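Trainee: One structure, pasted below without further comment.
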Amino acid sequence: MKRNLPRVLLAGTGSGCGKTTVTCAVLQALCDRGLKTGAFKCGPDYIDPMFHSRIIGAKSANLDLFFLENNTARYLLAKNGAGCDVSVIEGVMGYYDGLGLTSTRASSFAVAQTTGTPAVLVVNAKGASLSVLAVIEGFLRFREESGIRGVILNQCAASTYESLVPAITEHFGGRIRPLGFLPKMPDCALESRHLGLVTAAEVADLKGKMARLARQAETSLDLDGLLALADEAPALDCLPVELPHFSRPVRIAVARDKAFCFYYEDSLEALTEMGAQLVPFSPLDDAALPENIQGLYLGGGYPELYAETLAANRTMLESVREALGKNLPCIAECGGFMYLTQAIGAHPMAGVLPGKCFDNGKLTRFGYVTLTAKKDNLLCAAGEQIRGHEFHHWDAEETGADFIAEKLSGKRWDCVFATDTLYAGYPHFHFYANPGFAVRFYQACLKEKAL
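According to this note's numbering, the sequence shown is numbered sequentially starting from 1.
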């Protein structure tokens, strides 16, 4: 199918250049104009899409070319951008930074190329003037067809930008459009912690910060030029990715609160498309699991920050213990896995799995992995694979041994507790990386319903 989808990708020269701030400013300004706006994030990040979603009032989807085949990425872009006046894709790391240290595979550049999306380079101009042109020149020349069509300068004074616009126009001969600047805005800074930014739910005066960013964007960004560039994107060509629809619905409880908030929204939507009713609950605040459920999904997040409160909610811990003791089908990724262990630090958890969790003080087994099942289990048969990602500072005394994780470097290790009714381990995965895993989970929930 071919679909006209106005779109633009906001890329960075590297992490910390301000692309998330610029993206939020653009999204809020476009929404304030009354435009229906789609939002996407390159790579495996969970937190930036939370900010997007708070702004646009709808889900923000991930476009990750390690997880997703090229057609699947185009399909999810078309599916989630359908009916939108414009879609904004936020890049990851530096524009060309991909798998490993020397590859553009799965980079923002690769997403732009695969989806035919015009890219706008966000350059931090703090402490620079003409050198900004050298940075732009390098990014344009690094690949014969860079896909970069515009530039936005961040932390740039108005006077500096006014001087640089004619220089950019003259030097690049119209190959790249100056699309405005954002000045230093310390009152709109977004705080960080060990897994990136703090979540949107934790930012004080988030609505006010986004409003100030939008007002500044209307003043100093060329939003009309950005929209015109988005309109130049070619029609998106893709084949539909079909999921089975089951006539019998199932109810799947999904942990959603400040402690458990890391989910790929397309993964959850895959379950609903197959017929599931997702029932949100809070391990922090609710007394027990929802009634009449046939499955449980404990996503990642920051349970270590709320371990004392989680431990104090003994009725919920007992409810989870009892349900899993009766073989309720359960997926528990990263933070959800930690919740099922004996303890997080000094705080007792559900105790379904052996071992305690501890702060390792640094990123542990960080990065993309391919998971291969060593035996038949809840999600797949022995030998089947899915691509995943690990991103955590805390580790566990026992991390399971029912899957093999392998990095692109060839490094391998055992991981994950897996049975006919359980997947519990540090690696996160995206159902669209192997939709068969979603189907198997749904089928297990159907069996639970039949009991």
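Think of the CB as a built atom: it goes at the ideal place given N, C-alpha and C, for glycine as much as any other residue. This one's a predicted model, so the numbers in the text were calculated from it and none came from an experiment.
Specify the secondary structure class of G400 as computed by DSSP and reduced to three states.
Mentor: Position 400 of the sequence shown holds residue 400. Looking at G400 - three-state DSSP - the assignment turns out to be strand.
Trainee: For N80 and A346, what's the separation of their Cα atoms in angstroms?
Mentor: The residue you call residue 80 lines up with position 80 of the sequence shown. The residue you call residue 346 lines up with position 346 of the sequence shown. Between N80 and A346, the C-alpha separation is close to 42 Å.
Trainee: How is G335 classed by DSSP in three states: helix, strand or coil?
Mentor: Position 335 of the sequence shown, counting from 1, holds the residue named residue 335. DSSP places G335 in helix when its eight states are reduced to three.
Trainee: Taking the beta carbon of Q277 as the centre, do at least 16 other beta carbons fall within 10 Å, making it buried, or is it exposed?
Mentor: Indexing the sequence shown from 1 puts residue 277 at position 277. In the assembly as shown, Q277 is an exposed residue. Its beta-carbon has fewer than 16 other beta-carbons within 10 Å.
Trainee: Measuring only the C-alpha atoms, how far is R193 from V254?
Mentor: Position 193 of the sequence shown, counting from 1, holds the residue named residue 193. Position 254 of the sequence shown, counting from 1, holds the residue named residue 254. At R193 the pLDDT is 49, less than 50, meaning the model places this residue with poor confidence and gives no usable figure here.
Trainee: Where does R193 sit, in a helix, a strand or coil, going by DSSP?
Mentor: Here the question's residue 193 lines up with position 193 in the sequence shown. Its pLDDT being 49, under 50, R193 is placed unreliably in this model, and the value from its coordinates should be taken loosely. In this structure, R193 counts as strand in the three-state DSSP scheme.
Trainee: Is the beta carbon of A332 sitting closer than 8 Å to the one on A450?
Mentor: Here the question's residue 332 lines up with position 332 in the sequence shown. Here the question's residue 450 lines up with position 450 in the sequence shown. Against a cut-off of 8 Å, the Cβ pair of A450 and A332 comes out as no contact.
Trainee: Kindly give me the distance between the Cβ atoms of E448 and P290, rounded to whole angstroms, as I take these residues to be in contact under 8 Å.
Mentor: If you number the sequence shown from 1, residue 448 lands on position 448. If you number the sequence shown from 1, residue 290 lands on position 290. Your pair E448 and P290 does not check out as a contact, with CB atoms roughly 14 Å apart and the cut at 8 Å.
Trainee: Can you tell me whether W452 is buried or exposed? The criterion is at least 16 other CB atoms within 10 Å of its CB, across all chains shown.
Mentor: With the chain covering only 1 through 451, there is no way to say anything about residue 452.
Trainee: Tell me the rounded alpha-carbon separation between G14 and Y95.
Mentor: The residue you call residue 14 lines up with position 14 of the sequence shown. The residue you call residue 95 lines up with position 95 of the sequence shown. Straight-line Cα distance between these residues: approximately 7 Å.
Trainee: When you compare the CB positions of A259 and L179, do they come within less than 8 Å of one another, or not?
Mentor: As a first step, residue 259 must be located in the sequence shown, where it is residue number 259. As a first step, residue 179 must be located in the sequence shown, where it is residue number 179. No; because the gap between Cβ atoms is not below 8 Å, this pair is not in contact.
Trainee: What are the partner residues of P456, as DSSP defines its beta bridges?
Mentor: An answer regarding residue 456 cannot be provided, because it is not within the stretch 1 to 451 covered by the chain.
Trainee: For the region 119-130 against the region 158-175, are there 3 or more C-beta pairs whose distance is under 8 Å?
Mentor: Segments in contact, yes.
Trainee: For the region 415-430 against the region 374-393, are there 3 or more C-beta pairs whose distance is under 8 Å?
Mentor: yes
Trainee: Sort K326, Y46, L35, C334 by Cα distance to D224 and report the nearest one.
Mentor: For the purposes of this step, residue 224 is taken as residue 224 along the sequence shown, with counting starting at 1. The option with the nearest alpha carbon to D224 is L35.
Trainee: K456 bridges to which residues according to DSSP?
Mentor: Examination of residue 456 is not possible in this model, given that the chain is present from 1 through 451 alone.
Trainee: For P55, which of helix, strand or coil comes out of DSSP?
Mentor: As a working note, residue 55 is residue 55 in the sequence shown. The sequence shown places Ile at residue 55, rather than the Pro named in the question. If DSSP states are grouped into helix, strand and coil, I55 belongs with the helices.
Trainee: Cβ atoms of L182 and A29: under 8 Å apart, would you say?
Mentor: The residue labelled residue 29 in the question sits at position 29 within the sequence shown. The residue labelled residue 182 in the question sits at position 182 within the sequence shown. In this structure, L182 does not lie closer than 8 Å to A29 by Cβ.
Trainee: In or out: M466 buried (at least 16 other Cβ within 10 Å) or exposed?
Mentor: The question about residue 466 has no answer, for the chain in this structure spans 1 to 451.
Trainee: Taking DSSP as the reference, what is the three-state secondary structure of Y264?
Mentor: Sequence index remark: in the sequence shown, residue 264 carries index 264 (1-based). In this structure, DSSP gives Y264 a state outside helix and strand, which the three-state scheme calls coil.
Trainee: Would you mind giving the Cβ-Cβ distance between V111 and V151, rounded to the nearest angstrom? I have them listed as a contact below 8 Å.
Mentor: As a first step, residue 111 must be located in the sequence shown, where it is residue number 111. As a first step, residue 151 must be located in the sequence shown, where it is residue number 151. Not quite, the Cβ-Cβ distance comes to about 18 Å (not below 8 Å), so this is no contact.
Trainee: Any chance you could list the alpha helix (DSSP H) runs of at least 4 consecutive residues sitting entirely within the region 44-94, in chain order?
Mentor: Counting only runs of 4 or more, we get 47-56, 70-81.
Trainee: Going by DSSP, name the residue or residues bridged to N360.
Mentor: One-based indexing of the sequence shown puts residue 360 at position 360. Partner(s): none; N360 has no beta bridge.
Trainee: With 16 other CB atoms within 10 Å as the buried threshold, where does H392 fall?
Mentor: Translated into positions along the sequence shown, residue 392 becomes position 392. Its Cβ being crowded by 16 or more others within 10 Å, H392 is buried.
Trainee: For C156 versus A125, is the C-beta spacing smaller than 8 Å?
Mentor: By 1-based counting over the sequence shown, the position of residue 156 is 156. By 1-based counting over the sequence shown, the position of residue 125 is 125. Yes, the pair counts as a contact, with Cβ atoms nearer than the cut-off.
Trainee: How big is the Cα-Cα spacing for K356 and K411?
Mentor: Mapped onto the sequence shown, residue 356 falls at position 356. Mapped onto the sequence shown, residue 411 falls at position 411. For K356 and K411, the distance between alpha carbons rounds to 25 Å.
Trainee: Which class does M349 belong to by DSSP, given the choice of helix, strand or coil?
Mentor: On the sequence shown, position 349 is the one that residue 349 refers to. In the structure shown, M349 sits in coil (DSSP, three-state: anything other than H, G, I, E or B).
Trainee: Considering just the uninterrupted stretch of the beta strand (DSSP E) at L226, what are its terminal residues?
Mentor: Taking the first residue of the sequence shown as 1, we reach residue 226 at position 226. In the DSSP annotation of this structure, L226 is not part of any beta strand (DSSP E); the continuous alpha helix (DSSP H) holding it starts and ends at 223-231.
Trainee: For P178, which three-state DSSP category applies?
Mentor: Position 178 of the sequence shown, counted from the start, is the residue given in the question as residue 178. Correct three-state label for P178: strand.
Trainee: Given a cut-off of 8 Å, decide if T115 and D85 are closer than it, judged by their beta-carbon atoms.
Mentor: One-based indexing of the sequence shown puts residue 85 at position 85. One-based indexing of the sequence shown puts residue 115 at position 115. No, the pair does not count as a contact, with Cβ atoms beyond the cut-off.
Trainee: Do P354 and M316 have their beta-carbon atoms positioned less than 8 Å apart in this structure?
Mentor: The residue you call residue 316 lines up with position 316 of the sequence shown. The residue you call residue 354 lines up with position 354 of the sequence shown. Result no, Cβ atoms of M316 and P354 do not sit closer than 8 Å.
Trainee: What span of residues does the alpha helix (DSSP H) with R370 cover, start to end?
Mentor: Stepping through the sequence shown from its first residue, residue 370 is reached at position 370. In the sequence on display, residue 370 carries Thr and not Arg. Unbroken run through T370 is the beta strand (DSSP E), 367-373; no alpha helix (DSSP H).
Trainee: Let me make sure I understand the geometry here. Which of P249, F51, A167 has the alpha-carbon closest to that of T21?
Mentor: Here residue 21 refers to the residue found at position 21 of the sequence shown. The candidate whose alpha carbon is nearest that of T21 is F51.
Trainee: Grab me the residues of A11's own chain with a C-beta within less than 6 Å of its C-beta, minus the 5 sequence neighbours each way, in chain order.
Mentor: What you label residue 11 is simply residue 11 of the sequence shown in a count that begins at 1. Answer for A11: G91, Y95, S108, A119, L121, listed in chain order.
Trainee: Closest by CA to T341, which one among Y426, D266, A288?
Mentor: For the purposes of this step, residue 341 is taken as the residue at position 341 of the sequence shown. The shortest C-alpha separation from T341 is found at Y426.
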